[in-house]
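Trainee:
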Amino acid sequence: MAKYKKNILQQLPLNHAYGQLVLLIFIPIAILAVVSTYFVLKETRQSAQEQQRYAAITILTRYQYTAQLLFETIEKKPALNSQVQSILQRMLSDPHVQRVALIDQNNQTILSIGSRNDLSWPAIQSQQMFIGPLPNHGNSVYAQKLTSNYTGQHSWLVVSLNNQALELANYHILVAIIITIFITLLLLMMCLNFYSRRWVAPLYEIRMQLQRVHADNLNEPITQQNSSELQLLEKDLEHTFQRLHHSFLELRDHTEQTEDDLRRTLDTLEMQNITYRQARDQAVSANQSKSVFLANISHELRTPLNSIDGFIHLMLRQSNLTNDQNLYLQTIRKSSAHLLALINDVLDFSKIDAGKLELETASFDLEETMFDVMDMLSPLAAEKNIYMAFFFAPELPQRVIGDALRFKQILTNLISNAIKFTASGEIIVHSELKTAHGRECLIYFSVQDSGIGVSEADQRKLFDSFSQVDTSITRQFGGTGLGLAISKQLVQMMHGEIGFEDNQQKVTAEKGSTFWFTAQFEIEQATQHTEPLSHIHVVSFISHTKTAYILNQYLSNDHINHQASSSILDLFSRLNQLQNNKNTWVIVDHGGDTHTLLKEIRSRYQGNLAIYGYQMSLEPSVLAYYKATPLYQPLSRHALLQTLNNQKIDTASHKQQTFDGQGLHILAVDDHLPNLIVLEALLGELNVKTTKALSGQDALNLIKQHWQQNTPFDLVFMDIQMPVMSGIDTTRAIRSLESTTEHTTGLPIIALTAHALADEKEKLLTVGMNDYVTKPIQLEQLIHILTTWTTTNQHFEQRHTRNTLKHDQNTDITILDWTQSVQLAANKEELAIDLLKMLIDSFDTEIEEMHLLIELEDFPQLEHVLHRLYGATRYVGTVRLQQVTGDFEQFISTLRKQQRKADEQFTHETLQRFNELKEVIELTRKAAQNKIHQT
């Protein structure tokens, strides 16, 4: 029995057909049975209650008048209660009446007869004539209202009827319903049994057979006697299994064949892997050879470049060079610097490719670093008359921690490319804060130009190595094609991205392209305090729209009262209303003819004035004459604020630091004699005594000799690659020699290396060297090394301050400013004297030539002579002569610019200016001769 119940329960789950069938049949029938039983019982009860009600009405109506007479009789003669009871007794003759009572209007029982007369009657509060049924102790009570004709009072005739008939009727109906449901369920079970045997059981058996099917018995027939539909299903399954069996046999044969083919293929792949491993080993060896080659070629190229650059530097410092010689040397130096830049690009790419480039982390000023790059490249843009603008968002941190050198390299590549491929227009550098989380920040930089743009086909290879966007213009613009590839790698190392946008895709009217990149830096926690500048009033006119916008943003961020003019005429109209105080500034764009512009402004306004333009376009003499302050392009926020605060712009960081090495004795070791000559000359300019050694063994002998004489060297410059004994071997020998002598202080050894690989410095420091200098050697590098590793590091300016500042107190500083002369001569007083002598020696020749040209009215050649004299005055501190010569040249140039002929008035004014020039020349000659005699 338990097993049978278990089988039934296993067939009942709803995911089986049998269980679903039971669910779909029994649930609706159960719901129907419950609802039907409820309504049948309800209707039966209501019907029985209505019958009882009609019976009660009949009884009460029949005895209504009799009861009313009895009520009036009792009121008149209460002694007749016994007779009244006998009359009411007849009402109990009805089989359903249990009790009868007469109740007054106060619910007080007047008379009550019947079974269980001790039970109470319900209280009647209604004023209706007939009331009922009222439930009372399992029976139903009905009442009829009686009214006295004498007193007007009323009473109730109440009867209690038995409910057994009502309950019996309900039981009869309920039994009938139960019997009906049972018969219905029995019939359904019979139907389910038939359905189960005919459909569910055969399907279950088919399912069991399907579960027993596997690859080996697919061809066995299905033996089961079923109905016609299931029999067709079994035949279809049997045919399907037979087809699967044949397919399985074919697949097995094919698999065996495939395994044989795969085995042979694996054997072939194994042979190819052996070949590939050999090729890989050869590639690794070739890559190592490439690295060695790059290191060697770096040394071989930098060694002659060191000599070339050094000798050019020495030649340029000579004061007796002609203009042509100076031009030739400058051209050679530019070519040498370009060749060195190409070598550095290749080496940088090699270091990145080899994974040996590591970024440094140091604190630096982000805005100043970006401006340094633009300031360095601004002369290239000025030559092509390209506007440069730089916007530094106010929310950016001022100081960040990262690799400033590599960041400048990325920015330099992008800006130099923009200048290279832009013939005219503008270059806008923009920076803004992308995201900031704690101390980490991601900064967005973009370089937008108006150049030739990049086609869609060339955009895919923008950041590829050794490629340019258009090989047909390679000869025109030059380059190795490594700049963007190196920038991409550096940006990725800075956890950023780099990309390109076509300006026409954003604005159809714009041309050119925009290169952008992001870089992650760490914010340096530094608090900056800025003074309020709301007291400053600025009126400006900048013709370049974006520069004007940047100027307005900078001034607005510092709460400076700013009024931007829409045109130069609008600016002129505002000048008459300005006050000439120290807090009012006028900023005007350089319009080409600076002299005329300043003259017009000064005729209307005498207060603070700043001229915005490229440094090479602004003449210092003209600015000094009109008391105008230069504001160089691109616009720097620091320079702008310093100018508005009437502070002198700090250019000390751009001055070459001068070192006095008097008393130092340096040993220079190099197998390449020209390098030694260059190094000796550079050190000689720093008053450093130099001893040369052409090999490592010579260096050891010299060091031993000087130790024995108790005159040790202060420092050694050691070349790395030398025959017989390399610089590394020599350093090890020196350190070993130090350990066996009393000289244990440690001789500073500085490596002279042309290698630029990442691990080169660590390797050199490991063998005992103290520092290294990369060829070609620069004077700034030598000063830094000598300042760091020697004890005698007095500055030239400190030792000769008194001589530098010493000049004749009676001399007008506008005629001869000796301090400025010394500064223009790189703080070399002897060179300043030589330049001054050369200038005054040329006066007589220049005056005679100008006099002759004026008589011949050869004004174009006169302009050339004046320009030559004006150029000579810019190297000495002759402010007045420079101003007069520049004004004279500007006046003569009006003929050429206006394309007109000289008239009598022009000739007369030319003679007046020439006489004024001769007077200033004589004053300058006397001041210069006095200064020369004093020195």
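Our numbering puts the first residue of the sequence shown at 724, with every later residue one more than the last. Don't be surprised by glycine CBs; every beta carbon is placed ideally from N, CA and C. This structure is a prediction, so every number in the text was calculated from the model and none was measured.
1. Exposed or buried, which one is T963 when buried takes at least 16 other CB atoms within 10 Å?
2. Give me the residue from H1318, H977, G1407, L911 with the minimum Cα distance to L747.
3. Below 6 Å CB to CB, which residues in the same chain sit around I1133 once its five sequence neighbours on both sides are set aside?
4. What's the C-alpha gap between E1245 and D1126?
5. Which same chain residues end up closer than 8 Å to S1195 when comparing Cβ atoms and leaving out the 5 residues on each side of it in sequence?
6. Quick one: which unbroken beta strand (DSSP E) runs of 3-plus residues sit fully inside the segment 1270-1355? Chain order, please.
7. Who are the Cβ neighbours of A1625 in its own chain at under 7 Å, not counting the five residues just before and after it?
8. Comparing alpha-carbon positions, which option in R935, S1101, S816 lies nearest Y786?
9. Check the C-beta distance from N834 over to A846 and give it rounded, since I have them as a contact under 8 Å.
10. What are the residues that DSSP puts in a beta bridge with K868?
11. Have a look at N859 and M913 and give me their C-alpha separation to the nearest angstrom.
12. Decide if H1282 is buried, meaning its Cβ has at least 16 other Cβ atoms within 10 Å, or exposed.
13. Which whole-angstrom value describes the C-beta separation of F1112 and H1267, a residue pair presumed to lie in contact below a C-beta threshold of 8 Å?
14. From which residue to which residue does the alpha helix (DSSP H) around S1459 run?
15. Quick test of your reading: I1273 and F1114, contact by CB under 8 Å. State the CB separation rounded to the nearest angstrom.
16. Run through the DSSP bridge pairs and tell me what N1653 is partnered with.
17. With 16 other CB atoms within 10 Å as the buried threshold, where does I782 fall?
18. What's the C-alpha gap between F1200 and L1103?
19. Just the C-alpha distance for T1527 and E1090, rounded to the nearest angstrom, thanks.
20. Taking the Cβ atom as the reference point for each residue, do F853 and I750 lie within a distance shorter than 8 Å?
21. Spell out the partners DSSP gives F1087 in its beta bridges.
22. Taking the CB atoms as reference points, tell me whether S883 and V864 lie closer together than 8 Å.
23. Would F1440 and L1475 qualify as a contact pair, given that the criterion is a beta-carbon distance under 8 Å?
24. With a threshold of 16 other CB atoms inside 10 Å of the CB of K1620, please say whether the residue is buried or exposed.
25. Can you check whether the CB of L1589 is closer than 8 Å to the CB of E1571?
26. What separation, rounded to the nearest whole angstrom, lies between the Cα atoms of Y1335 and L1341?
27. Is A1474 helix, strand or coil by DSSP?
28. Does the contact criterion of 3 or more C-beta pairs under 8 Å hold for the segment 1430-1437 versus the segment 1387-1403?
29. Label V1230 either buried or exposed according to how many other C-beta atoms from any shown protein chain fall within 10 Å of its C-beta, with 16 as the threshold for buried.
30. Could you give the C-beta distance for I1508 and G1033, rounded to a whole number, given that I count them as a contact under 8 Å?
31. Could you spell out where the alpha helix (DSSP H) holding S1169 opens and where it closes?
32. Work out the CA separation of L960 and Q934 for me, nearest whole Å.
33. Nearest to Q1356 by CA position, among I1031, M994, F1094, Y927, is which residue?
34. May I ask you to report which of helix, strand or coil DSSP gives F1436?
35. Round the Cβ separation of I1035 and L1052 to the nearest angstrom and send it over; I've been treating them as touching at under 8 Å.
36. Buried or exposed for S1459, going by 16 or more other Cβ atoms inside 10 Å?
Mentor: In brief:
1. In the sequence shown, counting from the first residue as 1, residue 963 sits at position 240. Looking at its Cβ environment, which holds fewer than 16 other Cβ atoms inside 10 Å, T963 is exposed.
2. On the sequence shown, position 24 is the one that residue 747 refers to. It is L911 whose Cα lies nearest to the Cα of L747.
3. Taking the first residue of the sequence shown as position 1, residue 1133 is located at position 410. Contacts found: S1210, L1213.
4. For this step, residue 1245 is matched to residue 522 along the sequence shown. For this step, residue 1126 is matched to residue 403 along the sequence shown. Cα to Cα, E1245 sits roughly 11 Å from D1126.
5. Counting from one through the sequence shown, the residue named residue 1195 turns up at place 472. Confidence at S1195 is low in this model, with a pLDDT of 43, below 50, so the placement of that residue is unreliable and no value is reported for it.
6. 1284-1287, 1307-1312, 1331-1336, 1352-1355
7. If you number the sequence shown from 1, residue 1625 lands on position 902. Hits under 7 Å: E1580, F1582, L1618.
8. Translated into positions along the sequence shown, residue 786 becomes position 63. Here the closest residue by C-alpha is S816.
9. In the sequence shown, residue 834 corresponds to position 111, counting from 1. In the sequence shown, residue 846 corresponds to position 123, counting from 1. At residue 834 the sequence reads Leu, which differs from the Asn that was named. With 8 Å as the limit, L834 and A846 do not qualify as a contact, their Cβ atoms being about 17 Å apart.
10. The count along the sequence shown starts at 1 and reaches residue 868 at position 145. Answer by DSSP bridge pairing, in chain order: W879.
11. Taking the sequence shown and counting its residues from 1, one reaches residue 859 at position 136. Taking the sequence shown and counting its residues from 1, one reaches residue 913 at position 190. Their backbone Cα atoms lie some 49 Å apart in a straight line.
12. For the purposes of this step, residue 1282 is taken as residue 559 along the sequence shown, with counting starting at 1. Counting Cβ neighbours within 10 Å, H1282 comes out exposed, since fewer than 16 surround it.
13. Counted from its first residue, the sequence shown places residue 1112 at position 389. Counted from its first residue, the sequence shown places residue 1267 at position 544. The sequence shown places Ala at residue 1112, rather than the Phe named in the question. Contact flag correct, Cβ pair sits at about 7 Å.
14. The residue given as residue 1459 occupies position 736 in the sequence shown. Looking at the DSSP string, the run of the alpha helix (DSSP H) that includes S1459 is 1450-1462.
15. Taking the sequence shown and counting its residues from 1, one reaches residue 1273 at position 550. Taking the sequence shown and counting its residues from 1, one reaches residue 1114 at position 391. Yes, I1273 and F1114 are in contact; Cβ-Cβ is about 5 Å, under 8 Å.
16. By 1-based counting over the sequence shown, the position of residue 1653 is 930. None; N1653 has no bridge partner.
17. Here residue 782 refers to the residue found at position 59 when the sequence shown is read from its first residue. Buried is the call here.
18. For the purposes of this step, residue 1200 is taken as the residue at position 477 of the sequence shown. For the purposes of this step, residue 1103 is taken as the residue at position 380 of the sequence shown. Any reading at F1200 needs caution, since the residue's pLDDT is 43, under 50, leaving its predicted position unreliable; the model's value is listed next. Distance between the alpha carbons of F1200 and L1103 is about 13 Å.
19. Your numbering for residue 1527 matches position 804 in the sequence shown. Your numbering for residue 1090 matches position 367 in the sequence shown. The predicted position of T1527 is uncertain, since its pLDDT is 39 and thus under 50; a value taken from the coordinates is nonetheless stated next. When rounded, the distance between both Cα atoms is 35 Å.
20. Locating residue 853 in the sequence shown gives position 130, counting from the first residue. Locating residue 750 in the sequence shown gives position 27, counting from the first residue. No, the Cβ-Cβ distance between F853 and I750 is not below 8 Å.
21. Position 364 of the sequence shown, counted from the first residue, corresponds to residue 1087. DSSP, once it has assigned bridges, lists V1123 as partnering F1087.
22. If you number the sequence shown from 1, residue 883 lands on position 160. If you number the sequence shown from 1, residue 864 lands on position 141. Result yes, Cβ atoms of S883 and V864 sit closer than 8 Å.
23. Taking the sequence shown and counting its residues from 1, one reaches residue 1440 at position 717. Taking the sequence shown and counting its residues from 1, one reaches residue 1475 at position 752. For F1440 and L1475, yes; Cβs fall inside 8 Å.
24. Residue mapping note: residue 1620 aligns to position 897 of the sequence shown, counting from 1. The residue in question, K1620, is exposed, as its Cβ has fewer than 16 Cβ neighbours within 10 Å.
25. By one-based count along the sequence shown, residue 1571 stands at place 848. By one-based count along the sequence shown, residue 1589 stands at place 866. The answer is no: Cβ separation not under 8 Å.
26. Position 612 of the sequence shown, counting from 1, holds the residue named residue 1335. Position 618 of the sequence shown, counting from 1, holds the residue named residue 1341. So the alpha carbons of these two residues sit roughly 9 Å apart.
27. Reading the sequence shown from its first residue, position 751 is the one you call residue 1474. Residue state, collapsed to three classes: strand.
28. yes
29. Sequence index remark: in the sequence shown, residue 1230 carries index 507 (1-based). By the 10 Å Cβ count, V1230 comes out exposed.
30. For the purposes of this step, residue 1508 is taken as the residue at position 785 of the sequence shown. For the purposes of this step, residue 1033 is taken as the residue at position 310 of the sequence shown. Actually they are not in contact, since the Cβ atoms of I1508 and G1033 sit about 15 Å apart, beyond 8 Å.
31. In the sequence shown, counting from the first residue as 1, residue 1169 sits at position 446. Looking at the DSSP string, S1169 is not in any alpha helix (DSSP H); the run it does join, the beta strand (DSSP E), is 1163-1172.
32. If you number the sequence shown from 1, residue 934 lands on position 211. If you number the sequence shown from 1, residue 960 lands on position 237. Approximately 13 Å, taken between the alpha carbons.
33. Here the question's residue 1356 lines up with position 633 in the sequence shown. Residue F1094 is the option with its Cα nearest to Q1356.
34. Position 713 of the sequence shown, counting from 1, holds the residue named residue 1436. F1436: coil per DSSP, three-state reduction.
35. In the sequence shown, the residue the question calls residue 1035 occupies position 312. In the sequence shown, the residue the question calls residue 1052 occupies position 329. Sure, about 6 Å apart at Cβ, within 8 Å.
36. Taking the first residue of the sequence shown as 1, we reach residue 1459 at position 736. With fewer than 16 Cβ atoms within 10 Å of its Cβ, S1459 is classed as exposed.
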